[in-house]
């Protein structure tokens, strides 16, 4: 091997056409280079804005166009198409003549590609996403009309850049050329498939295809072109051949075979067939091995070049990119392993990983190549000092960001596998997100300096028609790679072979990762789907589009994975048949908020409206964006968009609930014991968040939390928990006037105006209150729930001991029977004949004792949003006062349910 | 699926190594492009170098 790979002094014989050099389209190099710099700075600003909204959700105000989801789409698509796409194309214009000894196909075609790429893809893509036309497909968020122009651009790029390779025998084609042909051809097919198929093939089946593109965007667009840049710039900047072209070709073929098979590793533990998941895991491990091979070859190519790497900023960018490529690829292989994936998936660990890939590998490599191209572009300015500062700013910013997000991911994951409430993970991540914002400034500063480096400094000499100089070793005729060694005819045309790499392996992955799992899923769905289905209504469908366009799926997954922590927290795992109406699927690959696959029945519409209008009103520590433009100035006045969106949220998991037979617990159906709490007793038999409808205000199965209102520490802690979780609706003073209360009907209870039994408070916290915005709080620790009860009890005055004379009692009892008993029951237990049909259920006076003032208001004016009517036209004030004393006497006489 | 990936990856790797070890022409021809590309890059940069030399210092190399 050494004989053929390390012989640097060996002189290759020139066997290419030694005539005039082919033209390099330097104008297009410059225009694409500048477009890359403009778009990377804009995209990075989108990124900073998105990151800032994690800590300051109202940053930039509550406009539709700059909401988190839309800016997030523009951030990633801008980096992908604007920055990397333009940088890659600039490099192609520079390198194609050098690899093929032929000019690109057409200068006019070049300008057409430039205009399409920037003015039919990037710019309109950003505008349309801001206008609300984005689609929830990763790396394909620009709307379909833009996707059409992307495909057109790729077709033109194949004509522009691949056709010159047609005249190059395979034996003469440098590895960079292989990667360029393979990457262009593969992406030209994979991108439309990733865009189109999930729109046509629903749910889990569509996700199988979607995973293909998610991974191929990085694996078969970014990686091949990044490696093409690395191999070329290392050769050109060191002025030495790479270590081994044999190893580079082995790496190329393994990469194009293995990379496309990785896609499903984004959906480990999902409803996609396990055989496809396992295959993707094995492919991921093999990919790591291939990357070790590729990086070893690249780093060996830099051996004895440490001074050049240190002194040549372009080469240093490339070196950093190569090292990042190794780290991020090995990280990716490890992340795909089930025990690791189970823990860190959906967390910020993955976001750190993706930034390491897209900045550490892709952007550093693209920057190195662009710097190299620029300093060799006639007439261009090049400022080495600015480039040098750019490198260090980018390196420092990226390192802080990746370390920070990796740590944040570990913290989030640890909380998610515990029984702590979801919002705790949001609170815990806040300092890390703040650090991430600051890490973004050196990165954006680095890109700006890089831009400055391309437009300032000394100007390169203009191109001449001077005859080429002869390299020093050209006279040596004892070349190890002399022209007498010809490849056999089967390898005569590089493009044929590279097309195999691009198209052949695309077809392979399409079949293996898309078609086969889809066929398996079809069979599984036929077998497991219930006979009667309930498709989405028109309103729910419209809500689904809004959900996708606003990027909700980028913070809330819609898939409960088959892992214990997911099931414990969210309910039964998502099955393939549940997703058969999802065009496209909205599974998501990240969680900032909780999974929504089982949202049906968990919260009232009022709660959802209040939450959408101002998330902090119902969840004080929420970082969710507000959507005020979906309302007419108040949560109580939703527009049609809000109504549709809430209708869609209400539908999530509905089919699964309907498919369950009476008394059939979700958890029992999956046969798993999910609780890790040995004292969880019978409550472990169903998922923690599964709500119950409770009549008469008592649930025997609700745990009786230890509430010790006499303990000041417990009460103080209860107050803190209350303020974090309950004050949005009930108010900081617990008087029912929280900021969300204006949009809620019935209004939240004034906890100071009534007396509640411990058992009732436990029931309310455990089950929520059906027909009101009060959700179940089972995600809170039981001790915390007990402390909330202690705090609420501490707010209340003493129980009223009502007494009535025999006459008053007889008259009031008759009045009560006539007017109240049909709902509240003959004995005031809220179990009258009409009670079952009412929501919320009528009050059980044995567990709730309203103050005289509160009771008078209720009887006199009724309770808007409930079935309690106003009796002021029927009853006199004296009669009302008698009724108050009558119902007050029931309190705590009997606390067992009827 | 797993078997397919393992077998195919192994076949690609072994195929390359077998070609490399059995056929000398392959060993030589597969290394050739790394020299060719270096040569070509120098030819292109020669244009700039010539102009640079003619115009004197103060400009990028």
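Chains as they are written, first to last, in the working numbering: chain S, 731 to 1628; chain D, 8 to 68.
The C-beta atom is built at its ideal place from N, Cα and C for all residues, glycine as well.
Who are the neighbours of residue 1152 of chain S on chain D, taking C-beta pairs under 8 angstroms? For the purposes of this step, residue 1152 of chain S is taken as residue 422 along the first chain, with counting starting at 1. Within 8 angstroms Cβ-Cβ: nothing; residue 1152 of chain S doesn't reach chain D, min ~35 angstroms.
Is there at least one Cβ from chain S nearer than 8 angstroms to residue 45 of chain D's Cβ? Here the question's residue 45 of chain D lines up with position 38 in the second chain. Interface residue, yes.
Endpoints, alpha helix (DSSP H) assigned at residue 1061 of chain S: The residue labelled residue 1061 of chain S in the question sits at position 331 within the first chain. Taken as a continuous stretch (DSSP letters only), the alpha helix (DSSP H) holding residue 1061 of chain S covers 1043-1066.
Using a beta-carbon distance below 8 angstroms, is residue 1062 of chain S in contact with chain D? If you number the first chain from 1, residue 1062 of chain S lands on position 332. Judged by the 8 angstroms Cβ criterion, residue 1062 of chain S is not in contact with chain D.
Reference residue 1502 of chain S; option with closest CA among S:1538, S:1572, S:1529: Within the first chain, the letter at position 772 stands for residue 1502 of chain S. That would be S:1572, whose Cα lies nearest to the Cα of residue 1502 of chain S.
So residue 1058 of chain S packs on residue 1091 of chain S, CB below 8 angstroms; how close in whole Å? The residue given as residue 1058 of chain S occupies position 328 in the first chain. The residue given as residue 1091 of chain S occupies position 361 in the first chain. Right, their Cβ atoms sit about 6 angstroms apart.
From the DSSP output, which residues share a beta bridge with residue 897 of chain S? In the first chain, residue 897 of chain S corresponds to position 167, counting from 1. Its beta-bridge partners do not exist; DSSP assigns none.
Would you say residue 14 of chain D reaches chain S, if we count a Cβ-Cβ gap shorter than 8 angstroms as a contact? Locating residue 14 of chain D in the second chain gives position 7, where the first residue counts as 1. Chain S contact via Cβ: absent.
Within 8 angstroms, strictly: CB atoms of residue 1469 of chain S and residue 1347 of chain S: Residue mapping note: residue 1469 of chain S aligns to position 739 of the first chain, counting from 1. Residue mapping note: residue 1347 of chain S aligns to position 617 of the first chain, counting from 1. A contact, by the Cβ cut-off of 8 angstroms.
Given a threshold of 16 other Cβ atoms within 10 Å of its Cβ, counted over all protein chains shown, does residue 975 of chain S qualify as buried or as exposed? Counting from 1 along the first chain, the entry for residue 975 of chain S is found at position 245. When all chains shown are included, residue 975 of chain S counts as buried.
Can you say whether residue 801 of chain S is buried or exposed, counting buried as having 16 or more other CB atoms within 10 angstroms of its CB? Numbered from 1 along the first chain, position 71 holds the residue referred to as residue 801 of chain S. Buried.
Spell out whether any CB of chain D is found under 8 angstroms from the CB atom of residue 1117 of chain S. The sequence position of residue 1117 of chain S within the first chain is 387, counting from 1. False, the Cβ-Cβ gap to chain D never drops below 8 angstroms.
Please list, in chain order, all residues of the same chain as residue 1619 of chain S whose beta carbon is under 6 angstroms from its beta carbon, the five residues on each side excluded. Along the first chain, read from residue 1 onward, the residue named residue 1619 of chain S stands at position 889. Here the set comprises 1532.
Assuming residue 921 of chain S contacts residue 880 of chain S (C-beta within less than 8 angstroms), just tell me the rounded distance between them. In the first chain, residue 921 of chain S corresponds to position 191, counting from 1. In the first chain, residue 880 of chain S corresponds to position 150, counting from 1. That belief holds up - the Cβ atoms of residue 921 of chain S and residue 880 of chain S are roughly 6 angstroms apart, short of 8 angstroms.
Could you pull out every residue in the same chain whose Cβ sits closer than 7 angstroms to the Cβ of residue 1593 of chain S, ignoring the five residues on either side in sequence? Sequence index remark: in the first chain, residue 1593 of chain S carries index 863 (1-based). Within the same chain, residue 1593 of chain S has close Cβ partners 1476.
Since residue 1314 of chain S and residue 928 of chain S are thought to touch, with beta carbons under 8 angstroms apart, how far apart are those beta carbons, to the nearest angstrom? As a first step, residue 1314 of chain S is located in the first chain; it is residue number 584 there, counting from the start. As a first step, residue 928 of chain S is located in the first chain; it is residue number 198 there, counting from the start. So it is a contact: roughly 4 angstroms between Cβ atoms.
Same chain, Cβ closer than 7 angstroms to residue 1247 of chain S, five either side skipped, listed in chain order: On the first chain, position 517 is the one that residue 1247 of chain S refers to. Here the set comprises 938, 1002, 1003, 1006.
Could you spell out where the beta strand (DSSP E) holding residue 1338 of chain S opens and where it closes? Counting from one through the first chain, the residue named residue 1338 of chain S turns up at place 608. From DSSP, residue 1338 of chain S is part of no beta strand (DSSP E) but of the alpha helix (DSSP H) over 1335-1343.
For a quick check, are the C-beta atoms of residue 971 of chain S and residue 41 of chain D less than 8 angstroms apart? Sequence index remark: in the first chain, residue 971 of chain S carries index 241 (1-based). Sequence index remark: in the second chain, residue 41 of chain D carries index 34 (1-based). Yes, they are a contact pair.
Looking at chain D, which residues of the region 961-974 of chain S have a Cβ within less than 9 angstroms of any of its Cβ atoms? 961, 962, 965, 966, 969, 970, 971, 972, 973, 974
Where residue 1320 of chain S sits in the DSSP three-state scheme: Against the first chain, residue 1320 of chain S aligns to sequence position 590. Note: residue 1320 of chain S maps to strand in three-state DSSP.
Bridge partners of residue 1368 of chain S, per DSSP? Taking the first residue of the first chain as 1, we reach residue 1368 of chain S at position 638. DSSP output for residue 1368 of chain S lists S:1361 as bridge partner(s).
Pairing CB atoms from the region 1290-1308 of chain S with CB atoms from the region 1331-1344 of chain S, are three or more of them under 8 angstroms? Contact fails: fewer than three Cβ-Cβ distances are below 8 angstroms.
Per-residue contacts from residue 983 of chain S into chain D (C-beta, under 8 angstroms): As a working mapping, residue 983 of chain S is identified with position 253 in the first chain. Residues of chain D passing the Cβ test: 19, 23.
Which chain D residues are close to residue 902 of chain S, counting only those with a beta carbon under 8 angstroms from its beta carbon? On the first chain, position 172 is the one that residue 902 of chain S refers to. Residues of chain D passing the Cβ test: 39, 40, 43.
Would you say residue 1009 of chain S reaches chain D, if we count a Cβ-Cβ gap shorter than 8 angstroms as a contact? The count along the first chain starts at 1 and reaches residue 1009 of chain S at position 279. Contact with chain D is found for residue 1009 of chain S, since one of that chain's Cβ atoms lies less than 8 angstroms from the residue's Cβ.
How far does the beta strand (DSSP E) with residue 1485 of chain S in it extend, from its first residue to its last? As a first step, residue 1485 of chain S must be located in the first chain, where it is residue number 755. Segment 1484-1486, the beta strand (DSSP E) holding residue 1485 of chain S.
Compile a chain-ordered list of the residues in the region 1095-1110 of chain S whose CB is closer than 8 angstroms to at least one CB of chain D. 1105, 1106, 1108
Alpha carbon of residue 1240 of chain S to alpha carbon of residue 1036 of chain S, nearest angstrom: Walking along the first chain from the start, residue 1240 of chain S turns up at place 510. Walking along the first chain from the start, residue 1036 of chain S turns up at place 306. Near 43 angstroms, if we compare the C-alpha coordinates of residue 1036 of chain S and residue 1240 of chain S.
Quick one: residues in its chain with C-beta nearer than 7 angstroms to the C-beta of residue 1260 of chain S, no 5 flanking neighbours on either side, listed in chain order? The count along the first chain starts at 1 and reaches residue 1260 of chain S at position 530. So the qualifying residues of the chain are 1389.
Closer than 7 angstroms by beta-carbon distance: list the chain D residues that pair up with residue 1016 of chain S, in chain order. For the purposes of this step, residue 1016 of chain S is taken as the residue at position 286 of the first chain. Ordered by position in chain D, the residues that pass the 7 angstroms Cβ test against residue 1016 of chain S are 12, 16.
Taking the beta carbon of residue 18 of chain D as the centre, do at least 16 other beta carbons fall within 10 Å, making it buried, or is it exposed? Translated into positions along the second chain, residue 18 of chain D becomes position 11. It is exposed - the Cβ of residue 18 of chain D has fewer than 16 other Cβ atoms within 10 Å.
Among the residues of its own chain, which have a CB less than 7 angstroms from the CB of residue 1568 of chain S, if the five just before and after it don't count? Counting from one through the first chain, the residue named residue 1568 of chain S turns up at place 838. 1553, 1597.
Evaluate contact between the region 791-811 of chain S and the region 853-873 of chain S, counting only Cβ atoms and requiring at least three cross-stretch pairs below 8 angstroms. yes
What first and last residue would you give for the alpha helix (DSSP H) that runs through residue 1579 of chain S? Along the first chain, read from residue 1 onward, the residue named residue 1579 of chain S stands at position 849. Membership of residue 1579 of chain S in any alpha helix (DSSP H) is not indicated; the residue belongs instead to the beta strand (DSSP E) covering 1578-1580.
Are the beta-carbon atoms belonging to residue 1514 of chain S and residue 1451 of chain S less than 8 angstroms from one another? The residue labelled residue 1514 of chain S in the question sits at position 784 within the first chain. The residue labelled residue 1451 of chain S in the question sits at position 721 within the first chain. The answer is yes: Cβ separation under 8 angstroms.
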